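Each step along the sequence shown adds one to the number in the numbering used here, with nothing skipped, and position 27 is 14.
For each residue, glycine too, the CB sits at the ideal point set by N, CA and C.
All of these numbers come straight from a predicted model, not from anything done at the bench.
Take a look at the structure set out below.
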Amino acid sequence: MIEKLRQNPQFESMKHAIGFQREYWNNRAQTGSVKASSSALAQAMVEPFWNEPCNGDVLEVGSGTGVISEQLLRRMKAEDKLTIIEINLNFLEITQRKMAQKFADEELTGRVSFVHADFLQHQMPAEQFSHICCSLPFNNFEPELINDIFQEMFRVCQPGGIIVFYEYILLRRIRYWLSLGRLHKLKNTEAVLTDWIDKHVVESTPIFSNFPPAMVYVLRKPKS
Ligand SMILES: C[S@@+](CC[C@H](N)C(=O)[O-])C[C@H]1O[C@@H](n2cnc3c(N)ncnc32)[C@H](O)[C@@H]1O
-12 MIEKLRQNPQ FESMKHAIGF QREYWNNRAQ TGSVKASSSA LAQAMVEPFW NEPCNGDVLE
48 VGSGTGVISE QLLRRMKAED KLTIIEINLN FLEITQRKMA QKFADEELTG RVSFVHADFL
108 QHQMPAEQFS HICCSLPFNN FEPELINDIF QEMFRVCQPG GIIVFYEYIL LRRIRYWLSL
168 GRLHKLKNTE AVLTDWIDKH VVESTPIFSN FPPAMVYVLR KPKS
């Protein structure tokens, strides 16, 4: 009976949802959300990648419980490679187990690298990736850290490559209203994010069927 329950896909998703909540309460700033991305958000995050040629090297930053990783793998060609970098070992292990359950060994071996590291501390070769998919909770970060992360994403992205990330709609505004004493910091956070978006955005799509609703941004690194 218990074995049958364990094999039920709904039991698996419930386990992942509980795992996500646990990690959120253990480290709210780093996790950034109480719930994993909805499938609508995950689809919107991977969609921009397939509208143009992919040279085969994809990077996912902050996989959480692997909702977006699964979509990426489903849509990637057999010869494409995915690198997943996640700072939280529990999340990385959940992603790894989920991928192992959803895909046959031969689909994963040699195609996916799971890296347990802080994105900023793990030096990757310059211009390695044609596509970067980032779920980091920027609204919880200091302005300098946001800037460093964008600089690093642009460094490892190939010229002409794309960087997709999301931001929860209205969260910046709500924080603004709630934290009068920290207005200066919030203004800087807003300025840094807006600057990167304004300079490089090619597309932005609101996703309302997610909690909280999110805006997906597609940025392109200039060709030269
Ligand atoms: C909002 S959650 C991502 C949720 C994910 N899209 C999902 O649906 O499960 C943000 C993720 O970024 C990870 N993270 C935060 N800071 C990081 C860093 N410096 N390097 C790598 N991963 C990081 C967190 O551990 C967390 O898994």
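Given residue 116, which residues of its chain have a CB within under 6 Å of its CB, disregarding the five upstream and five downstream residues? Its chain contains 44, 46, 143 and 144 as the residues whose beta carbon lies nearer than 6 Å to that of residue 116, once the 5 sequence neighbours on both sides are disregarded; these appear in chain order.
Kindly indicate the opening and closing residues of the alpha helix (DSSP H) around residue 7. Start and end: -4 to 13.
Exposed or buried, which one is residue 83 when buried takes at least 16 other CB atoms within 10 Å? Buried: at least 16 other Cβ atoms inside 10 Å.
Using CA coordinates, which residue listed in 156, 71, 187 and 65 is at the minimum distance from residue 125? Nearest C-alpha to residue 125: 156.
Just how far apart, CA to CA, sit residue 66 and residue 18? If I take the Cα positions, the gap works out to 31 Å.
Going by CA-CA distance only, name the one from 28, 5, 4 and 149 that's closest to residue 197. Considering only alpha carbons, the answer is 28.
Rounded separation between residue 130 and residue 24 - CA only: Their Cα atoms are separated by approximately 24 Å.
I'd like the span of the beta strand (DSSP E) that includes residue 193, first residue to last. Counting along the chain, the beta strand (DSSP E) containing residue 193 begins and ends at 188 to 194.
Closest residue to residue 136 among -2, 88 and 48 (Cα-Cα distance): Minimum Cα distance to residue 136 is reached at 48.
Our contact map puts residue 153 next to residue 184 with C-beta atoms below 8 Å; I'd like the distance itself, whole angstroms only. About 12 Å separates the two Cβ atoms, so there is no contact after all.
What residue range is occupied by the uninterrupted alpha helix (DSSP H) comprising residue 207? Residue 207 -> not in any alpha helix (DSSP H); beta strand (DSSP E) instead, spanning 201 to 207.
Would you say the beta carbon of residue 48 comes nearer than 7 Å to a heavy atom of ligand 3? This structure simply doesn't include ligand 3; it includes ligand 1 instead.
Please report how far the alpha carbon of residue 114 lies from the alpha carbon of residue 207, in whole angstroms. Residue 114 and residue 207: Cα-Cα distance of roughly 13 Å.
Inter-residue Cα distance where the pair is residue 101 and residue 34: When rounded, the separation of the alpha-carbon atoms in residue 101 and residue 34 is 22 Å.
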